[in-house]
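Presented below is the structure to which this report refers.
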Amino acid sequence: MTKSTPSDSLGVIERAIQAGMSDSSNRPTRPTDETDPTMPNYVEHREGVTEIGKLSAEAVVREYEATAKEIESMGIDLVERVKACEAMTRDTLQVTQELNEIAARYRKEAKRVFEHIENCSLLVAAARETCGELKDKLAIPTRLGRLGTDRPDDNNDLQSRD
C-alpha cells in the first residue's frame, strides 16, 4: 500500500481538471497575455503559470475583491451612520438648550409666584394689624360709655331701697 502525499493529490486534481478542459474543445480559448476584465487591476498573471493555476488565482482574487468591496461598503454605511449620529447630536444639543430655557422660565415664574404669595401674606398681616388697631380704638369709647352707665345713680339707688 502506498501513501499519497498532498502534492500527489494536487497533481491528480490538476490532471483531472486539465482532462476536463481538453474534452471541451468546442470552447474558444482565451489569450493568456490579455488581462481578464473581471480581474482586479492590482494583479497580473505571471509567465509560466498553468491555466488551472491562473483560474484558481483569479477565483481567489475575485472572492477577496468582493469581500474588499463589501468592507468598503461597510465603511460608507458607517460614515452615513456617523452623519446621522452627528445630526442627532446637533438636535439633542438644540433640544437641551430649549429645555434649559424652559427651566429658566419656570424658575422665573416660581420666583414671581413666591414673591406674590409673600406680598399677599404681608398685605393680610397688615390688614389684620390695621383691623386690630381699629378694633382697639373702637372698643375704648364703648368701655368708657358702659362705665358711665353702669354707675348707680344715687337717686335711683335710694328710691329702689325704699
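Going by the numbering used here, the letters in the sequence shown line up with residues 1 to 162, in that order. Ideal Cβ placement from N, Cα and C applies to all residues, glycine included.
For VAL61 versus VAL43, is the C-beta spacing smaller than 7 Å?
It is a contact, given that the beta carbons lie within the stated cut-off.
Expressed to the nearest angstrom, what Euclidean distance is found between the alpha-carbon atoms of GLU118 and GLU98?
One C-alpha to the other measures close to 30 Å.
Please report the distance separating the alpha-carbon of GLU58 from that of ILE17.
If I take the Cα positions, the gap works out to 16 Å.
Ignore the nearest five residues each way along the sequence and tell me which others in ALA126's own chain have a CB closer than 7 Å to its CB.
The answer is none, since no qualifying residue turns up.
What's the C-alpha gap between GLU80 and ILE13?
In a straight line, the C-alpha of GLU80 is about 47 Å away from that of ILE13.
Tell me the DSSP secondary structure of THR50 in three-state form.
The answer is coil: DSSP assigns THR50 none of H, G, I, E or B.
Can you tell me the Cα-Cα spacing of MET88 and ILE71, whole angstroms?
Taking the straight line joining both Cα atoms gives about 25 Å.
Given a cut-off of 7 Å, decide if PRO40 and GLU63 are closer than it, judged by their beta-carbon atoms.
Cβ distance not < 7 Å, so GLU63 and PRO40 don't count as in contact.
Whole angstroms is fine: what's the gap from ALA139's alpha carbon to LEU123's?
Spanning the two alpha carbons is a distance of roughly 24 Å.
When DSSP labels each residue in this structure, what does HIS45 get in the three-state scheme?
Note: HIS45 maps to coil in three-state DSSP.
Might you give, ordered along the chain, the residues of its own chain that have their beta carbon closer than 7 Å to the beta carbon of LYS137, omitting 5 neighbours on each side?
Contacts found: none.
Give the DSSP-derived three-state secondary structure of MET39 in the structure shown.
MET39 falls in the coil class under three-state DSSP.
Just the Cα atoms here: how many angstroms apart are LYS83 and SER121?
Cα-Cα distance, rounded: 57 Å.
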